[in-house]
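*Asks:*
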Amino acid sequence: MKLSHLKVGEKGTIIAFTDLDMSVKLMEMGCLPGEVVEVERFAPLGDPMAIRVAGYQLCLRKSEADVILIQ
Amino acid sequence: MDIKVALVGNPNTGKSTLFNRLTGLNQKIGNFPGITVDKKTGFTKLTNDREVEIIDLPGTYSLYPKSSDESIVFQVLADKKNSSHPDVIVLIADASNLKRNMLLYSQVADLGIPMVLALNMIDLSEKQGINIDLDKLAQKLGIQVVSISARNNIGIDRLKLAIANTNKIATQFQDVDVNFLAPAAIDAIKSKLHTANDYYALQVLHQHEYLTFFSPKEQEEIEAIEQEYHFESSKVQAAETIARFKHLGTILSDVVVDNGVAEKYSLSDKLDSILTHKVWGFAIFLLILFVIFNAIFAWSSYPMDLIETTFGYITELGHQYLPAGMLTDLVLDGVIAGLGGIFVFIPQIAILFAFISILEDTGYMARVTFMMDKIMSKVGLNGKSVVPMIGSLACAVPSIMAARNIENWKDRMITIMVTPLISCSARLPVYILIISLIIPSKNILGVFNLQGLALMVMYLVGVVAAVVVAWVMKLIIKSKERSYFIMELPVYRMPRWKNVFYTMYEKSKTFVFEAGKVIIAISIILWVMAAFGPGSRFEDIDQKYQSALSDTTKNTDHIKTLVATEKLENSYVGILGHWIEPAIRPLGYDWKIGIGLITSFAAREAFVGTMATIYSVDGGDEDTSTIRERMSASVNSRTGLPVYSFATGISLMLFYAFAMQCMSTVAIVYRETKGWKWPVIQLVYMTAMAYVAALIAYQLLK
């Protein structure tokens, strides 16, 4: 399942990425395989989204969240 | 015995607060050689007799850059010959989010430069229930670890002591042995570059295309090694990041104890649910923008008036007491007037940056970006473009400086390119003058004043033009940088007033010294062109009116204005006005308007003043009502029709809406993009757009 498909308040564990370049940037920001992420909110216009990961709030576009596969 | 200390850390870790705390106002802004990023340096005293240079490097999450700003960090740390290469690195980490912050530590440590680790916001993290065993961490890393709070001035002396005690030779343990990631390629680079550092060699493999300190021959050889061993950059980077986090996990496991309650972020979350709400979020944002706009527009008018009056007074005093002559005129009407033209921007710059600094500091700016990104990214802009765009309703100069906050190079360039299209306050006098000439002052539908409506349309024209041009540029400008929007949303905090003050001071200073040079130069050129004419034309005019002026029984003010008008017409500017007349006739302008267009390149509002001189109005620039009468009565000598017809008026307003009639903007774009390429492109496209729009308008309406 893709991270972008979660609803507000739902949690998931990162298992893999579908885009190598993007995965490097995401991992640098703490989105590592095995980390639990929670969807905090979506921007008023539906994109981007804010997630809680590794103890802080991160925002990313849905297209970027699409590359994160979660469980 | 002068050592250099570089501050390295993630964004939002309080790095600039620490920098301000260490250096005070004893800082200067320069350039990193060959790169378009500002370099902030300053000095601090470690002990009574030991002063060190502090270099503030751009905040980054990793040595692999996402933007041109971030690429400086590795560039400076890797190049031993770079004038900013540090002897000691202070790595600043946010104590409340240590693991993510330590990735950068882990990378930097492996470059083998002596380091100190500063855990910032220690008071905050303790309040959150996070306990960090500093001694154990120091032992595990092999370097000194100090806890500080830059904001509350805790532990700064400990940090200074640690810097003073740092060895000349790096003591940190190697964090991750990266050789296994690409052994053959790394070894080949090591022998090629005569280095023993595996991580340096690996970074060179990744980033050499962006490093400026290798010769073309070295670049070729590195590229050859990359090809030979099939080095796969992204794959290796991903493996490295995972290895580093794994290692950090074992280091931090018994160092950091988090007793924190889960509800640490409850306040921030509550604020977010209001501030990024579908309705309230936008309403509050609009309100804040209104306050900012109002402040730059209204509050700044008092200090601006004061500055203008002061410079006017100095000029007047100078003319009274200094010996009359060319040099005096040059100094007073060229240089002093130019200086006045620079200083008058300071209130607007200071006020806009006070607000921006507060919004950034509190964490609200990140939310604005979050809310606006979807709309703005559609036209090639960025959530962060909103503030420059709004600010440019008052003045493009501080707004273009504010575009610095946009990390993505392409988004920032597009923002800078379109910002001057938004109608700034300097266009207002021009619009008001022309609207009063061509639009009748009557109400439609009972409430809407036609003139007010026309003014609003002019502002909308600017906004629409900016959006369209941004969209076109999005298609044209090519960028190697991939656009990321992976961004931290920092926890809300109170603004640090000292930082706000430093930002105001720093931005004003940068403007005066950097853009000021260009403005002074153009002012002097314009002055010379308006003050001199070819041959003996000026002497002839003086002679013509000599007898009339020496008649003390009559009021000579009117004669003096006649002299001024005739001189302006015969000056180089006047001749230029005549010369460009064929080019501007299709737009519906005569040579008088031509002069206005040329002189108002200094600043748009100069149009009104020039018109006042040309139409021989007594009573100064302010008296627009009399200029208006004169202008509306003026008749084109060729056609016998009034010059200021509806068509000419609309054409002229469109010209002013689009044309880059502002040397201060040209100067600031030059300064912000560090070259003449972008300001020239901007000048050309805006002038072309202005000409075409004015041409079409006039030809359709006449």
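Same order as they appear, the protein sequences are chains A and B.
Residue numbers for the first sequence follow this note's numbering, beginning at 1492 and rising by one.
Residue numbers for the second sequence follow this note's numbering, beginning at 213 and rising by one.
Where is the CB? At the ideal position from N, CA and C, for every residue including glycine.
#1: Anything in the segment 1507-1519 of chain A with a Cβ closer than 7 Å to a Cβ of chain B? List those residues in chain order, please.
#2: Taking Q755 (chain B) as part of the alpha helix (DSSP H), name the residues at either end of that continuous run.
#3: Is there at least one Cβ from chain D nearer than 9 Å to R312 (chain B)'s Cβ?
#4: Identify whether H488 (chain B) lies in helix, strand or coil by the three-state DSSP scheme.
#5: By the criterion of Cβ-Cβ separation under 9 Å, what are the contact partners of Q1562 (chain A) in chain B?
#6: Using a Cβ cut-off of 9 Å, pull out every chain A residue sitting near I195 (chain B), in sequence order please.
#7: Classify A902 (chain B) as helix, strand or coil using the three-state DSSP reduction.
#8: Going by other Cβ atoms of all chains shown within 10 Å of its Cβ, with 16 needed for buried, is I355 (chain B) buried or exposed?
#9: Starting from R1532 (chain A), follow its DSSP beta bridges and name the residues at the other end.
#10: Just reading off the alpha helix (DSSP H) that D517 (chain B) is part of, what are its end residues?
#11: With DSSP collapsed to three states, give me the class of S318 (chain B).
#12: Let me know the secondary structure DSSP gives G254 (chain B) once reduced to three states.
#13: May I ask which residues mark the beginning and end of the beta strand (DSSP E) holding F1508 (chain A)?
#14: With a CB to CB cut of under 8 Å and the five nearest residues on each side skipped, what residues in its chain are close to N617 (chain B)?
#15: Might you give, ordered along the chain, the residues of its own chain that have their beta carbon closer than 6 Å to the beta carbon of E619 (chain B), omitting 5 neighbours on each side?
#16: Can you tell which of B:L534, B:V775, B:I646 and B:T877 has the C-alpha that lies nearest to the C-alpha of G728 (chain B)?
#17: Counting only Cβ-Cβ distances shorter than 9 Å, please list the residues of the segment 400-420 of chain B near chain A, keeping chain order.
#18: From the DSSP output, which residues share a beta bridge with K1493 (chain A)?
#19: Counting C-beta neighbours from all protein chains within 10 Å, is the total for Q1562 (chain A) 16 or more, i.e. buried, or is it exposed?
#20: Identify every run of the alpha helix (DSSP H) within the segment 542-594 of chain B, keeping only runs that are complete inside it and at least 4 residues long; order them along the chain.
#21: For S359 (chain B), tell me which candidate among B:L346, B:Q351, B:L353 and B:K352 has the shortest Cα-Cα distance.
#22: Roughly how many angstroms lie between the CA atoms of D752 (chain B) and Q758 (chain B), to the nearest whole one?
#23: Taking contact to mean at least 3 C-beta pairs separated by less than 8 Å, is the segment 1512-1531 of chain A in contact with the segment 1540-1549 of chain A?
#24: In chain order, what residues of the segment 642-673 of chain B put their CB closer than 8 Å to some CB of chain A?
#25: Out of curiosity, what's the CA-to-CA distance linking I792 (chain B) and G806 (chain B)?
#26: Decide yes or no for the touch test of the segment 701-715 of chain B against the segment 739-752 of chain B: beta carbon pairs closer than 8 Å, at least 3 of them.
#27: Can you give me the C-alpha to C-alpha distance between Q894 (chain B) and F813 (chain B), rounded to a whole angstrom?
#28: I'd like to know whether the C-beta of E1531 (chain A) is nearer than 9 Å to at least one C-beta of chain B.
#29: Using a Cβ cut-off of 9 Å, pull out every chain A residue sitting near S446 (chain B), in sequence order please.
#30: Measuring straight from C-alpha to C-alpha, what distance separates L316 (chain B) and I504 (chain B)?
#31: So D484 (chain B) contacts chain A; which residues on that side make the cut at Cβ distance below 9 Å?
#32: Under the rule that 16 or more other beta-carbon atoms within 10 Å means buried, what is D466 (chain B), buried or exposed?
#33: Are the beta-carbon atoms of I647 (chain B) and G861 (chain B) separated by less than 9 Å?
#34: So what's M872 (chain B) in DSSP terms, helix, strand or just coil?
#35: Please name the residue in B:T581, B:F425, B:S403 and B:A507 whose C-alpha comes closest to that of F954 (chain B).
#36: Quick check on M706 (chain B): does DSSP put it in helix, strand or coil?
*Replies:* To lay it out plainly:
#1: L1511, D1512, S1514, V1515, K1516, L1517, M1518 and E1519
#2: Here residue 755 (chain B) refers to the residue found at position 543 of the second sequence. Here the alpha helix (DSSP H) through Q755 (chain B) covers R749 to S762.
#3: Protein chains A and B are contained in the structure displayed, whereas chain D is not.
#4: In the second sequence, the residue the question calls residue 488 (chain B) occupies position 276. Strictly speaking, residue 488 (chain B) in this sequence is Thr, with His absent from that position. It is coil, neither helix nor strand.
#5: Within the first sequence, the letter at position 71 stands for residue 1562 (chain A). Near Q1562 (chain A) there are no residues of chain B at all, since even the closest Cβ is about 18 Å away, more than 9 Å.
#6: Coverage of chain B is limited to positions 213 through 914, which leaves residue 195 (chain B) absent and any answer about it impossible.
#7: The residue labelled residue 902 (chain B) in the question sits at position 690 within the second sequence. Correct three-state label for A902 (chain B): helix.
#8: The count along the second sequence starts at 1 and reaches residue 355 (chain B) at position 143. It counts as buried.
#9: The residue labelled residue 1532 (chain A) in the question sits at position 41 within the first sequence. A:A1541.
#10: For this step, residue 517 (chain B) is matched to residue 305 along the second sequence. First-last of the alpha helix (DSSP H) with D517 (chain B): S513 to Y533.
#11: For the purposes of this step, residue 318 (chain B) is taken as residue 106 along the second sequence, with counting starting at 1. Note: S318 (chain B) maps to helix in three-state DSSP.
#12: Locating residue 254 (chain B) in the second sequence gives position 42, where the first residue counts as 1. In this structure, G254 (chain B) counts as strand in the three-state DSSP scheme.
#13: By 1-based counting over the first sequence, the position of residue 1508 (chain A) is 17. Its beta strand (DSSP E) spans residues K1502 to F1508.
#14: Numbered from 1 along the second sequence, position 405 holds the residue referred to as residue 617 (chain B). Taken in chain order, the residues that qualify are I568, E572, M577, K596 and V599.
#15: Reading the second sequence from its first residue, position 407 is the one you call residue 619 (chain B). Closer than 6 Å at the Cβ level, and outside the excluded window around E619 (chain B), lie S279.
#16: To locate residue 728 (chain B), count along the second sequence from 1; it is residue 516. Of B:L534, B:V775, B:I646 and B:T877, the residue nearest in Cα terms is B:T877.
#17: none
#18: Translated into positions along the first sequence, residue 1493 (chain A) becomes position 2. Looking at the DSSP assignment, K1493 (chain A) forms a beta bridge with A:L1560.
#19: To locate residue 1562 (chain A), count along the first sequence from 1; it is residue 71. Exposed, by the Cβ-count rule.
#20: 549-555, 558-574 and 576-590
#21: The count along the second sequence starts at 1 and reaches residue 359 (chain B) at position 147. Among B:L346, B:Q351, B:L353 and B:K352, the Cα nearest to that of S359 (chain B) is on B:L346.
#22: On the second sequence, residue 752 (chain B) is found 540 positions in, with the first residue counted as 1. On the second sequence, residue 758 (chain B) is found 546 positions in, with the first residue counted as 1. So the two alpha carbons sit approximately 10 Å from each other.
#23: yes
#24: none
#25: Along the second sequence, read from residue 1 onward, the residue named residue 792 (chain B) stands at position 580. Along the second sequence, read from residue 1 onward, the residue named residue 806 (chain B) stands at position 594. Spanning the two alpha carbons is a distance of roughly 7 Å.
#26: no
#27: The residue labelled residue 894 (chain B) in the question sits at position 682 within the second sequence. The residue labelled residue 813 (chain B) in the question sits at position 601 within the second sequence. Those two C-alpha atoms are separated by around 14 Å.
#28: Here residue 1531 (chain A) is taken as the residue at index 40 of the first sequence, counted from 1. Closer than 9 Å: yes.
#29: Walking along the second sequence from the start, residue 446 (chain B) turns up at place 234. Near S446 (chain B) (Cβ distances below 9 Å), the residues of chain A are L1511, D1512, S1514 and V1515.
#30: Counted from its first residue, the second sequence places residue 316 (chain B) at position 104. Counted from its first residue, the second sequence places residue 504 (chain B) at position 292. Cα to Cα, L316 (chain B) sits roughly 36 Å from I504 (chain B).
#31: As a working mapping, residue 484 (chain B) is identified with position 272 in the second sequence. Under the 9 Å cutoff, chain A gives E1531, R1532, A1541 and Q1548.
#32: To locate residue 466 (chain B), count along the second sequence from 1; it is residue 254. Answer is exposed; the Cβ neighbour count stays below 16.
#33: Position 435 of the second sequence, counting from 1, holds the residue named residue 647 (chain B). Position 649 of the second sequence, counting from 1, holds the residue named residue 861 (chain B). Yes, the pair counts as a contact, with Cβ atoms nearer than the cut-off.
#34: For the purposes of this step, residue 872 (chain B) is taken as residue 660 along the second sequence, with counting starting at 1. DSSP places M872 (chain B) in coil when its eight states are reduced to three.
#35: Since the first residue shown for chain B is 213 and the last is 914, residue 954 (chain B) is missing from the structure and cannot be characterised.
#36: On the second sequence, position 494 is the one that residue 706 (chain B) refers to. Looking at M706 (chain B) - three-state DSSP - the assignment turns out to be coil, as it is neither helix nor strand.
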